[in-house]
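Chemist: One structure follows; several queries about it will come next.
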Amino acid sequence: MVDFLKQSTIKSLNGKGSFQKKKEPTSTKIFGVPLKKIVKVENEKLVLPSAISILFHYIDKNGLLCLFISNTLAVQTKGLFRVAANEGEIKQMMNIIDSGGIPILEPNKEHVVCGVIATFVKQLPEPLLTYTASNDFIDILSCTFS
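What follows is the structure, given as structure tokens:
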């Protein structure tokens with residue numbers, strides 16, 4: 000009887016009176032989801048969802064293009080994470096990503112892309128420097144500055 004109850008929790012009754020296995024919902028949602036649910040491990044490396052990786056790559060190539068001019072580091076776009084972008088464009092890009100799509104990244108949209116990245120990080124249920132590891136981070140910092 001217990002085995003039947005276990006099986007019945009993973010099955011649902013279809014219209015013809017027979018049992019059919021429930022499909023696991025596949026969610027493409029990225030925003031507001033814990034990192035441990037969306038990050039994969041490949042070849043012993045952590046891999047972000049492709050849409051988020053593409054955003055970081057876009058910023059690396061378009062917004063934070065650094066040039067060495069007279070031994071001085073110059074950033075191509077100023078105020079990337081400081082200057083606010085159009086909220087509608089940020090939400091539109093977030094909806095595309097959460098629906099499993101890859102946004103089309105147009106030129107001169109560095110602030111929008113940074114807004115999406117910032118929102119992604121802000122909406123993580125647990126901070127990047129996790130609560131469970133906070134004491135370890137404090138220990139590391141205390142060793143560094145002592």
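Residue numbers for the sequence shown follow numbering that gives the first Met the number 0, so the first one is 0 and each next one is one higher.
Ideal placement from N, C-alpha and C gives every residue a C-beta, glycine not left out.
1. With respect to the alpha helix (DSSP H) encompassing residue 88, which residues constitute its N-terminal and C-terminal limits?
2. Report yes if the C-beta distance between residue 115 and residue 85 is below 8 Å; otherwise report no.
3. Quick one: what does DSSP say residue 41 is sitting in, helix, strand or coil?
4. Label residue 51 either buried or exposed according to how many other C-beta atoms from any shown protein chain fall within 10 Å of its C-beta, with 16 as the threshold for buried.
5. Taking the Cβ atom as the reference point for each residue, do residue 101 and residue 49 lie within a distance shorter than 8 Å?
6. Is the number of C-beta pairs between the region 121–132 and the region 29–45 that are closer than 8 Å three or more?
7. Could you give the C-beta distance for residue 29 and residue 96, rounded to a whole number, given that I count them as a contact under 8 Å?
8. Would you kindly work out how many angstroms separate the C-alpha atoms of residue 76 and residue 109, rounded to a whole number?
9. Kindly indicate the opening and closing residues of the alpha helix (DSSP H) around residue 55.
Modeler: Walking through what the data contain:
1. For the purposes of this step, residue 88 is identified with residue 89 of the sequence shown, where counting begins at 1. 86–97 is the extent of the alpha helix (DSSP H) around residue 88.
2. In the sequence shown, the residue the question calls residue 115 occupies position 116. In the sequence shown, the residue the question calls residue 85 occupies position 86. The answer is no: Cβ separation not under 8 Å.
3. Here residue 41 corresponds to residue number 42 of the sequence shown, with the count starting at 1. Residue state, collapsed to three classes: strand.
4. As a first step, residue 51 is located in the sequence shown; it is residue number 52 there, counting from the start. Answer is buried; the Cβ neighbour count reaches 16.
5. Indexing the sequence shown from 1 puts residue 101 at position 102. Indexing the sequence shown from 1 puts residue 49 at position 50. Judged by beta-carbon spacing, residue 49 lies within the 8 Å limit of residue 101, meaning their Cβ atoms are closer than that value.
6. With a cut-off of 8 Å, the region 29–45 and the region 121–132 count as touching, because enough Cβ pairs lie within range.
7. Residue 29 sits at position 30 when you count from the first residue of the sequence shown. Residue 96 sits at position 97 when you count from the first residue of the sequence shown. Contact holds; Cβ gap of about 6 Å.
8. Mapped onto the sequence shown, residue 76 falls at position 77. Mapped onto the sequence shown, residue 109 falls at position 110. About 8 Å.
9. Position 56 of the sequence shown holds residue 55. For residue 55, the uninterrupted alpha helix (DSSP H) run begins and ends at 49–57, by DSSP.
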